[in-house]
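Below is one structure, written out as C-alpha cells, with a few remarks after it.
Numbering (my numbering), first residue to last: 49 to 354.
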C-alpha cells in the first residue's frame with residue numbers, strides 16, 4: 049500500500065486463471081471495495097502497452113517463417129498514416145540494428161514489433177486475439193502491436209492462459225456448477241478446451257517469454273521456477289502491466305489511476321506490476337510443484353535450431 053502511494057498510483061487489479069480449465073482462481077477489482085465497487089479486473093478498459101506484443105510474435109511464429117532466433121531490424125522506419133507518417137520509436141530512443149526476435153521481445157523493442165505487425169498483418173493479429181477470447185473493440189492501426197487498444201485484465205489473463213496451456217482454450221469461468229436442492233444440475237461449466245493455436249508457435253512464444261523474466265524487462269518477476277511473461281508500460285506512465293504464467297496459473301496485474309493521470313516518472317511494468325505478480329505467484333504456488341513448460345522441438349519446425 050505505501051509503495052503504491054509513493055508511486056502515485058491509486059488503483060490496481062489482478063486476475064489469476066488456471067490455464068488447464070480456465071477457471072478464475074483469484075480476482076482483485078481494486079484496492080478498497082468500501083470506497084469503490086468498480087471492478088477494474090473485468091470493467092476497466094486500459095491500454096496494455098508492450099504486454100500486447102506476445103500476440104504479434106505468436107502470429108509471426110505461427111506463419112512458419114519466423115523462429116525465436118530469426119533476425120529482425122531495429123532500425124528507423126516510417127509508415128503512411130493519413131496525411132502524415134507514423135515513425136515508431138523505442139523506449140530509450142535508440143536503435144540496436146539487426147537483432148534476434150528473442151532479444152527484441154526480451155528487452156521490449158518497439159520498432160521490431162511494429163515491423164513484424166506489418167509483415168504478418170494487423171488483421172491477422174486481431175483475428176488471433178478474437179480466438180483467444182478478447183472481445184474489446186480493436187482497430188487495425190499500425191501501432192496496434194504496441195498496445196494501441198483498450199483491454200481488461202480478465203481478457204489479458206485469459207489470453208495468456210491459452211499460451212500457458214500450449215494453445216488449448218476455454219472461456220474464463222467463475223462458476224463450475226449450479227445444482228438445486230435435489231441435486232439436479234442447472235448449470236454445468238465443465239471445461240471443454242479446444243485447440244485454437246499452433247502448439248509449436250505457442251511453445252516458441254513461451255520460450256521467448258521465459259527470457260523476458262530471466263534476462264529482460266521482468267527480472268523482478270523471478271519466482272524460483274520457470275515462468276514466462278511480459279511487461280507493459282504506456283506513454284506517460286498511465287498504465288503499467290505484468291502478465292505472466294506457469295503451466296498451472298496465468299496472472300495479469302495492472303497498476304494505474306482511475307482518472308488516467310500519470311504515475312511517478314520511471315514507472316514501468318517491470319518496477320511496479322511485476323513485483324506484485326511475483327509476490328502473488330510466490331504465495332499462490334507455495335505448495336504447487338514446479339513444472340517445466342513445453343519446449344520447442346527444432347526438428348518439427350523446418351527452421352534451424354539456435
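For glycine and all other residues, C-beta sits at the position ideal for the given N, C-alpha and C.
Taking a contact to mean a Cβ-Cβ separation below 9 Å, would you say residue i touches residue j in this structure?
i           : j           : result
residue 249 : residue 60  : no
residue 150 : residue 124 : no
residue 156 : residue 98  : yes
residue 128 : residue 298 : no
residue 288 : residue 315 : yes
residue 182 : residue 199 : yes
residue 137 : residue 195 : no
residue 304 : residue 286 : yes
residue 282 : residue 132 : no
residue 139 : residue 126 : no
Under DSSP, the alpha helix (DSSP H) around residue i begins and ends at which residues?
i           : result
residue 208 : 201-212
residue 249 : 247-262
residue 165 : 158-168
residue 23  : With the chain running from 49 to 354 in the structure shown, residue 23 is simply not present.
Taking only the alpha-carbon atoms, compute the straight-line gap between residue i and residue j and give it to the nearest angstrom.
i           : j           : result
residue 63  : residue 291 : 9 Å
residue 308 : residue 78  : 15 Å
residue 257 : residue 189 : 25 Å
residue 342 : residue 224 : 27 Å
residue 226 : residue 237 : 9 Å
residue 278 : residue 187 : 22 Å
residue 337 : residue 271 : 13 Å
residue 145 : residue 245 : 31 Å
residue 87  : residue 80  : 10 Å
residue 174 : residue 231 : 42 Å
residue 56  : residue 142 : 28 Å
residue 349 : residue 171 : The predicted position of residue 349 is uncertain, since its pLDDT is 43 and thus under 50; no value can be drawn from it.
residue 353 : residue 217 : Caution applies to residue 353, whose pLDDT of 35 falls short of 50 and renders its modelled position unreliable; the model cannot decide the point.
residue 229 : residue 160 : 58 Å
residue 162 : residue 169 : 10 Å
residue 347 : residue 252 : Because the pLDDT at residue 347 is just 40, under 50, the model does not fix this residue reliably, and the value given afterwards should be weighed accordingly. About 13 Å.
Taking C-alpha atoms, which residue in the options lies nearest to residue i?
i           : options            : result
residue 158 : 173, 192, 172      : 192
residue 58  : 328, 312, 323      : 312
residue 213 : 81, 334, 82, 340   : 340
residue 154 : 183, 276, 305, 329 : 276
residue 329 : 269, 317, 107      : 269
residue 65  : 171, 108, 206, 85  : 206
residue 201 : 333, 301, 253      : 301
residue 335 : 296, 323, 208, 82  : 296
DSSP puts residue i in a beta bridge; with which residues?
i           : result
residue 91  : Note: residue 91 sits in no beta bridge, so no partner.
residue 146 : 121
residue 304 : 59, 287
residue 75  : 63
residue 226 : 235
residue 278 : 291
residue 129 : 132
residue 243 : 216
residue 355 : Nothing about residue 355 can be read from this structure; the chain reaches only from 49 to 354.
What are the boundary residues of the beta strand (DSSP E) that residue i is part of?
i           : result
residue 82  : Neither: residue 82 is in no beta strand (DSSP E) and is coded neither H nor E.
residue 333 : It is not in any beta strand (DSSP E) - residue 333 carries neither H nor E in the DSSP assignment.
Tell me whether residue i, by its Cβ, gets closer than 8 Å to a heavy atom of the ligand SAM.
i           : result
residue 321 : In the structure on display, the ligand SAM does not appear, and there are no ligands present to speak of.
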